[in-house]
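**Student:** If you read the sequence shown in this note's numbering, its first letter stands for residue 1304, the second for the next number, and so on. Positions of the beta carbon are idealized from the N, C-alpha and C atoms, including for glycine. My structure is below; once you've seen it, I'll send some questions.
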Amino acid sequence: MRKYHLLFLIALPWLPVQAWGQTGATGETVYLSTFSGNQVIRVVDSSPASVSVIYTNTSATPAFLPEDIVVGPDNKIYVCDATASRIWRVTPTGAAVKIYDASTAAPPNNPHGGEGPSFNSAGDLFFNTRNDSGTPTGIWKLAAPANIPDSGPFTPVQVFSNSFFGEGTVFDSRDNLLFVDGSGNRVLESSPPYTAESVLITDPTGTTFLSIPIGIATNSQSDIFVGNLGLRNINRFSPSGAFLNTYATFNSPDSPVFMQFDASDNLFVVTVQNGSADNGKLWRIPPVAAPLPATPALVVDLSTVRTLPTSKAVGLGLPATTFTTAQQLIAPGMTTTFNDGTIMDQSVHLPVDANTGGAFFMAVSFMQVAPAVFDSTRLPPTGKNTWAGGGPVPDGTTCTAIGGTGGNCVVAENLCFDAHDSPIVPCNITAPTTLIQLSSHYKTQSPQPNPGLIIASDRQNNWRDITTGFDPADPTITGGTKALNSDEVIVNLACTPGPNEDDVEGDGDEQGDDGHKGHFRFCKHSGDMDFDEPDTGKGMRGHMDAVTISGNQAIITGLGTLRDGTPVQYTAVVLGNAPVIGANLFAISWITATGSTFHTSGPLIDGSIVVHTQ
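Structure, rendered in C-alpha cells:
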C-alpha cells in the first residue's frame, strides 16, 4: 500500500458507523484483496455478510501483497501484486498461477508496479503503473489473457508512456479507457483504438473535487465516479468530465480506495484507515438521485471477522452479473418481450407460418461483461458462431426440433445444422414465408440448462453464410432478399412434461358433431398436441400442460395457438373404457383472449387415443 498517502490524510471528526449485516443486501459476490494479509477473499452481500478465503499465498518471494483486482470474462480473478510487480490469475475455487513477473520479463516489455486492472469489451486487460521505487511507465495491456493458457506467454504491451503515479482504470459503456493520475489529481481518457490520450478531469490544487484519487468507476449512464483518499468522498462527473455532485462521504478515519458498480448500479467500495490498508471495510451505495451525499451501507468490517489473519483490504472485483428472465409463452404469430430489468429488452417474434410443433416456453439470459454492454461469449477471431453457452456441443449432438422435452434449435428457412456444421435433412422447423424476427440491441448468449438456438437467417443458405455473417461485436446479418437485419439469441427452453402429460398418446380422426372430420395427435414423448379440420381450415397446435384422469375419462388442458398465431386456451376430453384405452369419444374446445370459442366432439373413426393410468 502507499505509505506516502498518510501525509495527505485529512483529520475529520469521528462519527460512529453503521453496524454491518444490515438489511438491503443484494446477494452479490464481491472479491477483495487483503494486501499484507496475503489473501484474496470472497464476500457475499447477505444479512449478515458471508466471508470466506479464496486464495492464500504466504510462501512467495517477494511476499504476495495483492492490491487492486478485476474479474475477467473467464470469471477468473486477475490480481495486481504491485509491490513485487506481478500479476496473478486466481480461479473462484482458489487455483492460482502467476501470469506476469517483471523480474523475469524481457525488456522493454517488463513494466513495474502494475495497478488498477480492467478489461475492455475485446477482452484485453489494461493496467496502470505506479512503481514506488522508480519512474512509472504509464498504461500497459495484456491482449486477451483469458484466451491464453496458464503456461503463457503473457507479454505486456505499452499503450501510453506516462510518468505519473497511476491508480485505477475503468472502461465506460462506449469502451473509452478512463485512468487515474494519483500524483497529479487528474483523470485521463482514451478512445479506441487507444492511440491518443487527453485530460478529462483535473484539480490542480487537489482541494476541490480530486485529492489523491485512487478508485474510478462508471455506472450504466456512463457517469464517472472517483474515490478521493484525501477528501474521504466519492465525487460524480458527467461523461464529458463536468463535476456533478459529491455522491458519498465517509467518516474519519475511513477513506475510499477501489470501487466498482454492479449491473444494477449498486456501487461497492473498499475503505481503509491508513496507508497500510488497516481496518478495511466493504460498503454498498444503492443507486440514488437525492438526497446527496448518499449514505453508504456497511457490508462488512473486516476487523470483526476473527477468522482472517488481518483486517486489511485494498482492491475489489465483481464477477459478471447474469440476468435470467422469467419464462414466457412463445408461439407462432406471437411477439414476446424479455426484460432484464436494468439494461435492455429482447423481443422475439415467431412468424405465423413457423412450424414449431406447438407452443413452448422460453427464458432469456443476459450476462454483463462491461457497464451497459451485454456479450457473455465473445466469438472466436474467425467469426464462427458457437453453440449454447459459448462452447461447441459434444460430437454427435444434433439440432433437435423444439418439443415437449426440450430440443435445441429453432431455425428459419428450413435450415438445421448438427455439431459438425452439416445440414440436417429434413429440418422439421420451418418458416416458409416469414423469418423469425429478433429485436435486440446487444448480443445475448449465456450458458443455459436447457439451451436453444434461434437464428434469423434472412435467406442465408448454409452454415458458413450464417456464422460468418455475425460480427463479434454486434452479431447481425444484413441484406438478403428481404433486406432485414437478423440476429440470434441463446435461450432456455422450458418444455418439460407437466403432471401426467406423458400418460397420453394418440393419432387419429373423429367425426365431429359439427359435421366435419377432425384429425388429432397427442405426442407422449414431447407433450405436444394438435388438432385440425382439413375441410374448414380450423386448427390449433399446443402443449399438454395438465392431464387429469378420473375413471374412464381424461381431461387434457393447455395453451396453444391457432393457425393464424392467435393464442388460445384449450380443453380436450377423452372418454372410453377404464382405463381409457382405445377411447371411443373425443371432444375439444378452445377460447381466445377476445372470447372467441370453438367446440367439437364425436366418436373415433380412425386411430386411437391411449391414456395410461399411474
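1) Is the distance from the Cβ of GLY1618 to the Cβ of PRO1369 below 8 Å?
2) Whole angstroms is fine: what's the gap from THR1432's alpha carbon to ALA1352's?
3) Count the CB pairs spanning the segment 1541-1549 and the segment 1576-1589 that are closer than 8 Å, and state whether there are at least three.
4) Checking the sheet assignment: what are the DSSP bridge partners for GLU1808?
5) Grab the span of the beta strand (DSSP E) containing PRO1420 for me, first residue to last.
6) PHE1823 lies in the beta strand (DSSP E); which residues open and close that run?
7) Name the one or two DSSP bridge partners that PHE1467 has.
8) Suppose you measure from the CA of ALA1399 to the CA of GLY1340; what does that come to, to the nearest Å?
9) Is THR1332 closer than 8 Å to VAL1354 when the C-beta atoms are compared?
10) Pairing CB atoms from the segment 1557-1576 with CB atoms from the segment 1587-1607, are three or more of them under 8 Å?
11) Whose C-beta lies closer than 6 Å to the C-beta of PHE1338 among residues of the same chain, with five residues either side of it excluded?
12) Per DSSP, what are the beta-bridge partners of GLY1861 in this structure?
13) Fully enclosed by the segment 1377-1435, which beta strand (DSSP E) runs are 3 residues long or longer?
14) Is it true that the segment 1505-1519 meets the segment 1473-1493, where meeting means three or more beta-carbon pairs spaced less than 8 Å apart?
15) Which residues does DSSP pair with THR1440 in a beta bridge?
16) Rounded to whole angstroms, what is the Cα-Cα separation between VAL1373 and PRO1411?
17) Whose CA, out of MET1847, ILE1852 and GLY1854, lies closest to the CA of GLY1923?
18) Could you tell me if GLN1342 is buried or exposed, where buried requires 16 or more neighbouring beta carbons within 10 angstroms of its beta carbon?
19) ASP1475 to LYS1841, Cα distance in whole Å?
20) Taking C-alpha atoms, which residue in GLY1868, GLY1811, GLY1854 and ILE1894 lies nearest to GLY1905?
21) How far does the beta strand (DSSP E) with GLN1563 in it extend, from its first residue to its last?
22) Just grab the DSSP bridge partners of ASN1536 for me.
23) Comparing C-alpha positions only, which one of VAL1460, GLY1636 and ALA1551 sits nearest to PRO1594?
24) Considering only the alpha carbon of each residue, which of SER1899, LEU1888, VAL1913 and GLN1631 lies closest to TYR1873?
25) Would DSSP call GLY1518 helix, strand or coil?
26) Taking GLY1469 and PRO1448 to be in contact with their CB atoms under 8 Å, please state how far apart those CB atoms are, rounded to whole angstroms.
27) Could you tell me the distance, in whole angstroms, from the CA atom of HIS1902 to the CA atom of LEU1632?
28) By the three-class DSSP mapping on this structure, what secondary structure does SER1579 have?
29) Between ILE1504, SER1494 and GLY1437, which lies nearest to ARG1477 when the distance is taken from Cα to Cα?
30) Whose C-beta lies closer than 7 Å to the C-beta of LEU1605 among residues of the same chain, with five residues either side of it excluded?
31) Compare the C-alpha of ASN1855 against each of LEU1878, ALA1849 and THR1869 and name the closest.
32) Would you mind reading off the limits of the beta strand (DSSP E) that contains ARG1489?
33) Does DSSP put PRO1750 in a helix, in a strand, or in coil?
34) Note down the Cα distance separating THR1361 from ILE1451, rounded to an integer number of angstroms.
35) THR1472 and PHE1429 - do their beta-carbons sit closer together than 8 Å?
36) Per DSSP, PHE1571 forms a beta bridge with which residues?
**Tutor:** Judging by the given coordinates:
1) On the sequence shown, position 315 is the one that residue 1618 refers to. On the sequence shown, position 66 is the one that residue 1369 refers to. Yes, they are a contact pair.
2) Numbered from 1 along the sequence shown, position 129 holds the residue referred to as residue 1432. Numbered from 1 along the sequence shown, position 49 holds the residue referred to as residue 1352. Going by the C-alpha atoms only, they are around 33 Å apart.
3) no
4) Along the sequence shown, one-based indexing puts residue 1808 at 505. Paired residue(s): VAL1913.
5) Start at 1 with the first residue of the sequence shown, and residue 1420 comes out as number 117. Counting along the chain, the beta strand (DSSP E) containing PRO1420 begins and ends at 1417-1422.
6) The residue labelled residue 1823 in the question sits at position 520 within the sequence shown. Residues 1820-1825.
7) Start at 1 with the first residue of the sequence shown, and residue 1467 comes out as number 164. According to DSSP, PHE1467 bridges with nothing at all.
8) Indexing the sequence shown from 1 puts residue 1399 at position 96. Indexing the sequence shown from 1 puts residue 1340 at position 37. If I take the Cα positions, the gap works out to 16 Å.
9) Looking up residue 1354 in the sequence shown gives position 51. Looking up residue 1332 in the sequence shown gives position 29. No, Cβ-Cβ distance for VAL1354 and THR1332 is not below 8 Å.
10) Put simply, the segment 1557-1576 touches the segment 1587-1607. At least three CB pairs are less than 8 Å apart.
11) The residue you call residue 1338 lines up with position 35 of the sequence shown. Contacts found: MET1304, LEU1368, ALA1580, LYS1615 and VAL1617.
12) As a working note, residue 1861 is residue 558 in the sequence shown. DSSP output for GLY1861 lists TYR1873 as bridge partner(s).
13) 1380-1384, 1389-1393, 1399-1404, 1417-1422 and 1428-1432
14) yes
15) In the sequence shown, residue 1440 corresponds to position 137, counting from 1. BP columns for THR1440 are empty, so no partner.
16) Position 70 of the sequence shown holds residue 1373. Position 108 of the sequence shown holds residue 1411. Between the alpha carbons of VAL1373 and PRO1411 lies a distance of about 25 Å.
17) The displayed coordinates of the chain run from 1304 to 1917. Any statement about residue 1923 would go beyond what the structure contains.
18) Reading the sequence shown from its first residue, position 39 is the one you call residue 1342. The residue is buried, with at least 16 neighbouring Cβ atoms inside 10 Å.
19) In the sequence shown, the residue the question calls residue 1475 occupies position 172. In the sequence shown, the residue the question calls residue 1841 occupies position 538. Cα to Cα, ASP1475 sits roughly 54 Å from LYS1841.
20) In the sequence shown, counting from the first residue as 1, residue 1905 sits at position 602. Among GLY1868, GLY1811, GLY1854 and ILE1894, the Cα nearest to that of GLY1905 belongs to GLY1811.
21) As a working note, residue 1563 is residue 260 in the sequence shown. Residue range 1558-1564 is occupied by the beta strand (DSSP E) that includes GLN1563.
22) In the sequence shown, the residue the question calls residue 1536 occupies position 233. Residue pairing from DSSP places ASN1536 in a beta bridge opposite ASN1531 and THR1552.
23) Numbered from 1 along the sequence shown, position 291 holds the residue referred to as residue 1594. Per the Cα distances, ALA1551.
24) By 1-based counting over the sequence shown, the position of residue 1873 is 570. Taking only the C-alpha atoms, the option nearest TYR1873 is SER1899.
25) Taking the first residue of the sequence shown as position 1, residue 1518 is located at position 215. Strand.
26) Taking the first residue of the sequence shown as position 1, residue 1469 is located at position 166. Taking the first residue of the sequence shown as position 1, residue 1448 is located at position 145. Here GLY1469 is actually not in contact with PRO1448; their C-beta atoms are around 19 Å apart, not less than 8 Å.
27) Here residue 1902 refers to the residue found at position 599 when the sequence shown is read from its first residue. Here residue 1632 refers to the residue found at position 329 when the sequence shown is read from its first residue. Looking at the two C-alpha atoms, the distance is approximately 23 Å.
28) Start at 1 with the first residue of the sequence shown, and residue 1579 comes out as number 276. In this structure, SER1579 counts as coil in the three-state DSSP scheme.
29) Within the sequence shown, numbered from 1, the residue matching residue 1477 stands at position 174. Measuring C-alpha to C-alpha distances from ARG1477 to each of ILE1504, SER1494 and GLY1437 identifies SER1494 as the nearest.
30) Taking the first residue of the sequence shown as 1, we reach residue 1605 at position 302. Apart from sequence neighbours up to five positions away, the residues of its chain that approach LEU1605 with a beta-carbon distance below 7 Å are GLY1583, LYS1584, LEU1611, SER1614 and ALA1616, ordered along the chain.
31) Within the sequence shown, the letter at position 552 stands for residue 1855. From the listed residues LEU1878, ALA1849 and THR1869, the smallest Cα separation to ASN1855 is found for LEU1878.
32) As a working note, residue 1489 is residue 186 in the sequence shown. ARG1489 -> beta strand (DSSP E) spans 1489-1493.
33) Reading the sequence shown from its first residue, position 447 is the one you call residue 1750. Unreliable positioning characterises PRO1750 in this predicted model, as indicated by a pLDDT of 37, which lies under 50. The coordinate reading is nonetheless provided below. Three-state DSSP puts PRO1750 in coil, outside helix and strand.
34) The residue you call residue 1361 lines up with position 58 of the sequence shown. The residue you call residue 1451 lines up with position 148 of the sequence shown. Computed Cα separation, rounded: 26 Å.
35) What you label residue 1429 is simply residue 126 of the sequence shown in a count that begins at 1. What you label residue 1472 is simply residue 169 of the sequence shown in a count that begins at 1. Cβ distance < 8 Å, so PHE1429 and THR1472 count as in contact.
36) To locate residue 1571, count along the sequence shown from 1; it is residue 268. DSSP lists GLN1563 and ARG1587 as partners of PHE1571.
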